[in-house]
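Right, one structure below, let's go through it.
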Amino acid sequence: MPQNELPSSQRRTFLTVLLAGLGTVLGAMAAWPLLRYLSPRDRGDADTKVTLARDKVPVGGAEFIDFRGRPAVILQPKPGEFVALTAVCTHLGCIVKWVNEKQEFLCPCHGGRFSTSGQVLGGPPPKPLESFNIKLDGDQLVIG
Amino acid sequence: MMHAKGWLLAGCLLLLLPGPVFSAGEEAPTIPRETVCLQCHGGMEGRLGAPVGLWKQSIHRQNGISCHDCHGGDPTDFAMAMSPERGFRGAPEKAEIPAFCGRCHIGVKDDYLASKHGRALGKGGPQCVTCHGNHAVVKASPDLINDKDCTRCHSFERAARIKAALTDTDRIISGLERDLADLRRLGIAVKKMRGEVFAKRNEFHRLFHTVDVNKVHQGTAAVQKSLGEVATEVAGIRSDLSQRKLWGGIAIVLLLVAGGLCLLLRRTYHDEEGKG
Amino acid sequence: MLKRAVDWLDVRLGVRELWQENTSGYLVPRNINAWYSLGTVLLALFGLQFLTGILLLIHYVPDTEKAFGSVETIVNAVPYGWLIRNLHAVGSNLIVVVLLLHMLSVLFMGSYKRPRELTWLSGFILFNLGLGLCLTGYLLPWSQLSFWATTVATDAAGAVPVIGPKLVEFLRGAPSVGAPTLGRFFALHVVVLPGALMGLVGFHLFCVRRCGISVPPFGKDAKPARVGTVFDHEKHPGGIPFFPNYTAEEAAMVCFALAVLVAVTFFAPQIFIPLDALEPANPFVTPEHIKPEWYFLWAYQTLKIFPSKLIGLAAQGALMTFLALLPFIDRGEERRPAKRPLFVTCYVLGLLLLIGISIWGRYS
Ligand code: HEM
Ligand code: FES
Chain A
1 MPQNELPSSQ
11 RRTFLTVLLA
21 GLGTVLGAMA
31 AWPLLRYLSP
41 RDRGDADTKV
51 TLARDKVPVG
61 GAEFIDFRGR
71 PAVILQPKPG
81 EFVALTAVCT
91 HLGCIVKWVN
101 EKQEFLCPCH
111 GGRFSTSGQV
121 LGGPPPKPLE
131 SFNIKLDGDQ
141 LVIG
Chain B
1001 MMHAKGWLLA
1011 GCLLLLLPGP
1021 VFSAGEEAPT
1031 IPRETVCLQC
1041 HGGMEGRLGA
1051 PVGLWKQSIH
1061 RQNGISCHDC
1071 HGGDPTDFAM
1081 AMSPERGFRG
1091 APEKAEIPAF
1101 CGRCHIGVKD
1111 DYLASKHGRA
1121 LGKGGPQCVT
1131 CHGNHAVVKA
1141 SPDLINDKDC
1151 TRCHSFERAA
1161 RIKAALTDTD
1171 RIISGLERDL
1181 ADLRRLGIAV
1191 KKMRGEVFAK
1201 RNEFHRLFHT
1211 VDVNKVHQGT
1221 AAVQKSLGEV
1231 ATEVAGIRSD
1241 LSQRKLWGGI
1251 AIVLLLVAGG
1261 LCLLLRRTYH
1271 DEEGKG
Chain C
2001 MLKRAVDWLD
2011 VRLGVRELWQ
2021 ENTSGYLVPR
2031 NINAWYSLGT
2041 VLLALFGLQF
2051 LTGILLLIHY
2061 VPDTEKAFGS
2071 VETIVNAVPY
2081 GWLIRNLHAV
2091 GSNLIVVVLL
2101 LHMLSVLFMG
2111 SYKRPRELTW
2121 LSGFILFNLG
2131 LGLCLTGYLL
2141 PWSQLSFWAT
2151 TVATDAAGAV
2161 PVIGPKLVEF
2171 LRGAPSVGAP
2181 TLGRFFALHV
2191 VVLPGALMGL
2201 VGFHLFCVRR
2211 CGISVPPFGK
2221 DAKPARVGTV
2231 FDHEKHPGGI
2241 PFFPNYTAEE
2251 AAMVCFALAV
2261 LVAVTFFAPQ
2271 IFIPLDALEP
2281 ANPFVTPEHI
2291 KPEWYFLWAY
2301 QTLKIFPSKL
2311 IGLAAQGALM
2321 TFLALLPFID
2331 RGEERRPAKR
2341 PLFVTCYVLG
2351 LLLLIGISIW
2361 GRYS
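Residue numbers (the working numbering), protein chains in the order written: chain A, 1 to 144; chain B, 1001 to 1276; chain C, 2001 to 2364.
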């Protein structure tokens, strides 16, 4: 065999390099499925609309719902006027609470306060709550 | 050392051999259990015993439908087996047959009754068993429409046209059913697709009981369209599966090459061990 | 950078010395053969099994209502879930194959003899833990196969006199297999047995390393099995370094084993996933011809051969006890198979008998 004419140490270096290359390829072939397995799957709801019965949201009240995988809150500040806001506080991500008596949101974590339109009224939150489109379709509210 | 390796590999292969043995076994049909009906009638001669033998070859038996499912009665009680109190119905008169079979085959019954065949019921027209036979009911297939049977009453010409219209679709349906069974064997969830094909098959079989060539032609297009959707999905899964196999094959080759390289590496050390 | 980190560790823990002692300084017999790599193959396969098992755990739901569906989701909806699941299912079977080969090889070469009694004993317990993992894992998908195989397997314990029926109920956690069974099998399969296995593998490897690897009992190098009055690590002066010389061969065997695993996983997983495994469990309908997995067929058939289940169970117990205690029973010094005609005859006949009974069990 011709390779036997090479000193074994040289053959060894050659083989080691080949094996390292092969190992990398095999490693990548194993890593890809692993990554895909662990990655969150596309929920396919990036622009789905959520419907809610109108009478779930009383005037001056609030209804918390799941909107595209995150908590949201629906308000009816005045009869026939609806607002949809994210319920995730813009400070550190706690879920805001609706305080009926004051008609405003209070974040239970660090006391952030938001108005019915999501504006910051006080506390540490840096940004207003994001709002979503909402419209009335018959007796159903369509959000998104 | 190479010797030992050979044995080792042979050993691995040997141990893998019994493998396929354990995979044997077709999808087991649900065979109906032994009932008192079968016990008595099985031993009888002539008119009263014949149905048992005929039924044994039937699609009803394959699907677990036994005597009492049609004729009523109590299949567990010798004394009361044929008592009307236990819902025994006996055998229907000719004109009652469509109602008798139609208790299960509802859709088909409706279309049949509205058809020329159905409207001639009791006036010499055919009913279910005229074509499908009784007891030895076989899986419905286009073969049931044939020169010999149809010309018992009328010319085969119209029937032949209906047969031509349904043969294609029927082939698609049985092909899909086979494909889905294959996929299921591999663990692919095919329940939904199976349901769709089954529903379409029913719809389609209803359709040609109208024995109205125009209706059959119209309905066929719609049925074929939804079957086409299932076929596309099956083709997608198939191509996924061959893609997988391709990558699996590549991985196997790479692993074998890596193993070979490791052995060569071992050889480089081995050569030095001799000197040392 | 790396060197600095190693230096830091070396000063404190002497890692370089440890590494040297266990790699190039660890000499193994010059005539060592490929059978000695099976232990490493097992380590690799178990490692992979742990990995795929943990990954399955992310989506698996141990609830009788949801278990089957969750496995179906893994196989059909989760990206590459089919790969993880099939690797785990096929891997378990391959592990049993390699366990048997490892056991048969150390048996044939007489490596179980003193001073390696504890290596053998711990290995034998590992074998049983492995089978236990297979048995408990089998139930988890909650398919017809899982349900009825477990019903039959736990039912066998009913043959034990007096406490039999109580024992069956204890194993199942209920009069018949149900949610309590799934609960306890799940706990066993994912926590108790893997934990015990890991601990015992550690002990097993400790025994192997502490005794020193045995010399293959072939040719002029063969040595008798003997212990003195004081501990003596079996050194192999003039042997070859474990690393890198022998590990190259082990790496090759691991690659080949993985190739077999990938081949079955991609091209014939249905060998180990029969139709009944694709049907959700139905406690009211026993499928026809329910058979245990191939590695339990011998036990299944012995229960049927003997006139009473109790005798069958006792025979099984006797065989297992005999094998577990073999090094304490077979105390001869001779390890060369050529010089042990009686042993080799029993070995071959015993093996053929087990294979024969298994095939009988399969087709009966
Ligand atoms: C989890 C399962 C097991 C693992 C991970 C394992 C691992 C190992 C390893 C790495 C070795 C050293 C190299 C070799 O000879 O292969 C070894 C040796 C050994 N194993 Fe195992 N083993 C397992 C199961 C078993 C079983 C089931 C038995 C027998 C009942 C057994 C008996 C032995 C014996 C007697 C040796 C000493 C061989 C010698 O020194 O020549 N092992 N095992
Ligand atoms: S998280 Fe809401 S105020 Fe800090």
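From the three backbone atoms N, C-alpha and C, an ideal C-beta is built for every residue, glycine too. Source: prediction; values computed, not measured.
Across the region 2065 to 2099 of chain C, CB contacts with chain A closer than 7 Å involve Val2078, Pro2079, Tyr2080, Gly2081, Leu2083, Ile2084, in sequence order along the chain. Proximity of the beta carbon of Leu92 (chain A) to the ligand FES is indicated: a heavy atom of the ligand is located closer than 8 Å. Secondary structure note for Glu81 (chain A): it is in no alpha helix (DSSP H), and the uninterrupted beta strand (DSSP E) holding it is 81 to 86. Residue pairing by DSSP places Pro2241 (chain C) opposite C:Leu2027 in a beta bridge. Per the coordinates, the alpha-carbon of His1071 (chain B) lies some 16 Å from the alpha-carbon of Arg1047 (chain B). Here the C-alpha atom of Glu2234 (chain C) lies approximately 28 Å from the C-alpha atom of Phe2046 (chain C).
Ile2125 (chain C) carries a helical assignment under DSSP once its states are collapsed to helix, strand and coil.
Under the Cβ criterion (8 Å, minimum of three pairs), the region 2138 to 2155 of chain C counts as touching the region 2277 to 2295 of chain C. For Phe2206 (chain C), the enclosing alpha helix (DSSP H) stretches over residues 2193 to 2211. Phe1100 (chain B) is not a Cβ neighbour of Val1036 (chain B), given a cutoff of 9 Å. Counting C-beta pairs with one atom in each stretch, the region 2052 to 2060 of chain C and the region 2228 to 2243 of chain C have fewer than three that are closer than 8 Å, which means they do not touch. Of the residues A:Ala46, A:Asp47, A:Ala62, A:Asp45, the one whose Cα lies closest to the Cα of Ala53 (chain A) is A:Ala62. For Val2254 (chain C), the uninterrupted alpha helix (DSSP H) segment begins and ends at 2247 to 2267. Among the CB atoms of chain A, one or more fall inside 9 Å of the CB of Ile2058 (chain C). Per DSSP, the unbroken beta strand (DSSP E) holding Thr51 (chain A) starts and ends at 50 to 53. Distance from His1132 (chain B) to Gly1125 (chain B) at the Cβ level is roughly 15 Å; contact not present, criterion being Cβ atoms closer than 8 Å.
The C-alpha of Ile134 (chain A) lies about 14 Å from the C-alpha of Phe64 (chain A).
Close to chain C, meaning a Cβ-Cβ distance shorter than 7 Å, are the following residues of the region 1177 to 1209 of chain B: Arg1184, Arg1185, Leu1186, Gly1187, Ile1188, Ala1189. If you ignore the 5 residues before and after Tyr2060 (chain C), its C-beta comes within less than 6 Å of the C-beta of Ser2070, all in its own chain and listed in chain order. Here the C-alpha atom of Leu136 (chain A) lies approximately 45 Å from the C-alpha atom of Val1108 (chain B). With contacts defined as CB atoms closer than 9 Å, His91 (chain A) and Pro40 (chain A) fail to qualify as a contacting pair. Taking CB atoms only, Asn2022 (chain C) has no neighbour in chain B less than 9 Å away. Residue state for Ser2308 (chain C) is assigned as coil, using DSSP reduced to three classes. The C-beta distance from Thr86 (chain A) to Ala72 (chain A) rounds to 5 Å, short enough to meet the 8 Å contact threshold. Using a Cβ-Cβ cut-off of 8 Å, Arg2030 (chain C) is close to Glu1273 of chain B, given in chain order. Checking the 8 Å criterion, the Cβ of Pro128 (chain A) is out of range of every heavy atom belonging to the ligand FES.
Under a criterion of Cβ atoms nearer than 7 Å, no residue of chain A is adjacent to Leu1241 (chain B); the nearest Cβ is some 15 Å distant. Interface flag for Leu34 (chain A) against chain B is unset, since no Cβ pair is found closer than 9 Å. Closer than 9 Å to the CB of Arg12 (chain A) there is at least one CB belonging to chain B. Taken through DSSP and simplified to helix, strand or coil, Pro126 (chain A) comes out as coil. Here Thr1076 (chain B) has Thr1035, Val1036 as same chain residues with Cβ atoms under 8 Å from its own Cβ, once five neighbours each way along the sequence are excluded. By the rule that beta-carbons nearer than 9 Å mark a contact, Tyr1269 (chain B) touches chain A. Minimum Cα-Cα distance from Phe1088 (chain B) among the listed residues B:Ala1095, B:Lys1094, B:His1068 corresponds to B:His1068.
The alpha-carbon separation between Ala2251 (chain C) and Pro2244 (chain C) amounts to approximately 10 Å.
Collapsing the DSSP output to three states places Glu63 (chain A) in a strand. In this structure, DSSP gives Ala72 (chain A) an extended state, which the three-state scheme calls strand.
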